[in-house]
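Heads up: the structure comes next, in structure tokens.
Residue numbers (this note's numbering), protein chains in the order written: chain A, 2 to 475; chain B, 388 to 488.
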């Protein structure tokens, strides 16, 4: 255990889900042939001019709103100058002085307590091209050049890797639910860079900050922070100084490695981008965008629990955006929402996984799931029978009642009929009845099995069990 | 004579990743100082504020609709590059990682 208090901040870059790039009409895409999604603007040819994509500003407003930030209504862009082949203009267009969002927070829950992770700012910028180093050459792919990004910067307000992990998970959940980014860390559409410093006491000024880059997963963020705390603790214990620097996390060796001693902010020689006039947002524009924000995870969680959905199902539904969106179509309906969640997470999910489909690719809709729930609640369809007709329910538009008829499934809902069957089973199994009366619990399970066999699973097992018990105890 | 320090010139050259001869260092100590002095004169212009210096016109930014437009064929991209390897543009190996985003 370290004798120092860690201070952690995180910078996160996410690629925005737009159709085109930030300053050019090239496709914003991933996984395509190298240099197939570019034009003269992305390549930084002389004489080209950037034209700002409206959707980038809209997604920036959305992100700022979701992360509880204030929104800047008059902003401009700046040039960050540096010489490196990943940016052929030799400057990156970013927002240095007027970030679109500032002073926000993300709420996390740590060990049962709520904590606000403070957001310093959100700024919009362009992504660089992707460079790959191969022996004596560096290869450049400009498909990524000009992909719109937002960078979300927290204040140095976290004190453990666990907090950083919870923050990143929450951030990812919010941004994916807000349709702002798909936040795929493994594809680089979400990149987290934590910074770590140590100090002895809370009252001391912050220690020297070290940044960690190139982290490919949230678990590696945790590992990177832990290793950095360890490294800095050792240095302080030896009485050595921490040099401001950027390190990268190497998951092959499970440690951080020095990348470079950091250039200072002034070396970037920021100045206002002269090719883009002021961007001015109106209240109406901001409100229009805010109206498009879908129901966010925290609100969904609250609503589902209110509707009587179990905690486990609530959690699972929210983990699956498509299912949760589908579930939202019935949240204002009077129905059994727990049955609905069971159906979606159980048999329907199994079908979707098996057939590699999403729920939108099936014929299930609001009306059909409500009909299904009604049939199941009224014992007109048992879960066993549901399995038999599920494919038809999800692949055709026929009424579910008709599918049931067609398949010849008839549920026995008449209590007298069930009593009749139960009596028959009791008469045929005297030995088990005696066992039951002598206190052998397993006997009733056997008898119940016989009832189900006799009825081919077309009765509600709960009701059958009740009747069986009544008849045995007579 | 009024000029920049040797260190300042070497620092700027380093940021631009260029090497300078002794002769060039001396030349730029004078030239860049003169350039900076000229730029300083902007401050003497009366009746301007910072915002006008950032964008001296009254029109605000007109945003582009998010619709896919013209792109180049990979062939066109690489034929303008001095060197390429497959569809990639090839440059001398650069040690260190991406500085930007």
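Every residue, glycine too, gets a C-beta built ideally from N, C-alpha and C.
Remember, it's a predicted structure, so these values are computed and weren't measured experimentally.
{"Check": "Give the straight-line distance between the Cα atoms of residue 1 (chain A) and residue 23 (chain A), rounded to the nearest whole angstrom.", "Outcome": "Residue 1 (chain A) lies beyond the residue range present for chain A, which begins at 2 and ends at 475; the question has no answer from this structure."}
{"Check": "Step through the CB atoms of chain A and report whether any lies within less than 9 Å of the CB of residue 472 (chain B).", "Outcome": "yes"}
{"Check": "Distance check for residue 458 (chain B) and residue 49 (chain A), CA to CA, integer angstroms please.", "Outcome": "14 Å"}
{"Check": "With the cut-off set at 9 Å, would you say residue 106 (chain A) and residue 120 (chain A) are in Cβ contact?", "Outcome": "yes"}
{"Check": "If residue 55 (chain A) and residue 162 (chain A) are in contact, beta carbons under 8 Å, what's the gap, nearest whole angstrom?", "Outcome": "Not confirmed; about 39 Å, so no contact."}
{"Check": "Here's the rule: buried if 16 or more other CB atoms are within 10 angstroms of the residue's CB, otherwise exposed. What is residue 206 (chain A)?", "Outcome": "exposed"}
{"Check": "Going along the chain, which residues of its own chain have a beta-carbon closer than 6 Å to the beta-carbon of residue 8 (chain A), five neighbours each way excluded?", "Outcome": "157, 198 and 207"}
{"Check": "Looking only at C-alpha atoms, which of A:467, A:4 and A:471 sits nearest to residue 235 (chain A)?", "Outcome": "A:4"}
{"Check": "Taking C-beta pairs closer than 7 Å, name the residues in chain A that residue 465 (chain B) reaches, listed in chain order.", "Outcome": "36"}
{"Check": "When burial is assigned at 16 or more other CB atoms within 10 Å of the CB, is residue 467 (chain B) buried or exposed?", "Outcome": "exposed"}
{"Check": "Hey, does residue 461 (chain B) have any beta-carbon neighbour from chain A nearer than 9 Å?", "Outcome": "yes"}
{"Check": "Could you name the residues that DSSP lists as bridge partners for residue 296 (chain A)?", "Outcome": "According to DSSP, which records beta bridges pairwise, residue 296 (chain A) is partnered with nothing at all."}
{"Check": "Can you list, in chain order, the stretches of the alpha helix (DSSP H) that have 4 or more residues and sit fully within the segment 274 to 334 of chain A?", "Outcome": "284 to 292, 298 to 307, 312 to 320 and 322 to 329"}
{"Check": "Could you tell me if residue 314 (chain A) is buried or exposed, where buried requires 16 or more neighbouring beta carbons within 10 angstroms of its beta carbon?", "Outcome": "buried"}
{"Check": "Which residues bound the alpha helix (DSSP H) around residue 270 (chain A)?", "Outcome": "It is not in any alpha helix (DSSP H) - residue 270 (chain A) carries neither H nor E in the DSSP assignment."}
{"Check": "Select from the segment 432 to 446 of chain B all residues with a C-beta closer than 7 Å to any C-beta belonging to chain A, and list them in chain order.", "Outcome": "441, 442, 444 and 446"}
{"Check": "Which ranges does the beta strand (DSSP E) cover as unbroken runs of at least 3 residues, wholly within the segment 122 to 203 of chain A, from first to last along the chain?", "Outcome": "131 to 135, 138 to 142, 149 to 155 and 191 to 200"}
{"Check": "Rounded to the nearest angstrom, how far is the Cβ of residue 61 (chain A) from that of residue 6 (chain A), given a contact under 8 Å?", "Outcome": "The Cβ separation is near 34 Å, so there is no contact."}
{"Check": "Listed in chain order, which residues of the segment 396 to 426 of chain B have Cβ atoms closer than 7 Å to some Cβ of chain A?", "Outcome": "402, 403 and 404"}
{"Check": "Residues of chain B with a CB under 9 Å from the CB of residue 281 (chain A): which are they?", "Outcome": "447 and 448"}
{"Check": "Note down the Cα distance separating residue 453 (chain A) from residue 108 (chain A), rounded to an integer number of angstroms.", "Outcome": "50 Å"}
{"Check": "Please determine, among A:66, A:77 and A:25, the residue with the shortest C-alpha to C-alpha distance to residue 273 (chain A).", "Outcome": "A:77"}
{"Check": "What three-state label does DSSP hand residue 211 (chain A) in the structure shown?", "Outcome": "strand"}
{"Check": "If you drop the 5 nearest sequence neighbours on each side, which residues of the same chain put their C-beta closer than 6 Å to that of residue 13 (chain A)?", "Outcome": "153 and 193"}
{"Check": "The alpha helix (DSSP H) with residue 81 (chain A) in it runs from where to where?", "Outcome": "Here residue 81 (chain A) belongs to no alpha helix (DSSP H); instead the beta strand (DSSP E) covers 79 to 82."}
{"Check": "Chain A partners of residue 429 (chain B), CB-CB under 7 Å?", "Outcome": "Those within 7 Å of residue 429 (chain B) in chain A number zero; the least Cβ separation is about 12 Å."}
{"Check": "Can we say the segment 210 to 225 of chain A touches the segment 248 to 258 of chain A, given the rule of at least three CB pairs closer than 8 Å?", "Outcome": "yes"}
{"Check": "Under 7 Å Cβ to Cβ from residue 38 (chain A), same chain only, skipping five residues before and after it: list those, please.", "Outcome": "27, 28, 30 and 144"}
{"Check": "Taking a contact to mean a Cβ-Cβ separation below 9 Å, would you say residue 87 (chain A) touches residue 138 (chain A) in this structure?", "Outcome": "no"}
{"Check": "Contact criterion: CB-CB distance below 9 Å. Does residue 402 (chain A) meet it with respect to chain B?", "Outcome": "no"}
{"Check": "At what residue ranges does the segment 337 to 425 of chain A contain a whole run of the alpha helix (DSSP H), taking only runs of 4 or more?", "Outcome": "338 to 344, 350 to 356, 367 to 378, 384 to 396 and 401 to 407"}
{"Check": "Name the one or two DSSP bridge partners that residue 39 (chain A) has.", "Outcome": "In the DSSP output, where bridge partners are listed per residue, residue 39 (chain A) has none listed."}
{"Check": "For residue 419 (chain B) and residue 405 (chain B), which I take to be in contact (beta-carbon distance under 8 Å), what is that distance rounded to the nearest angstrom?", "Outcome": "Not a contact, Cβ separation roughly 13 Å."}
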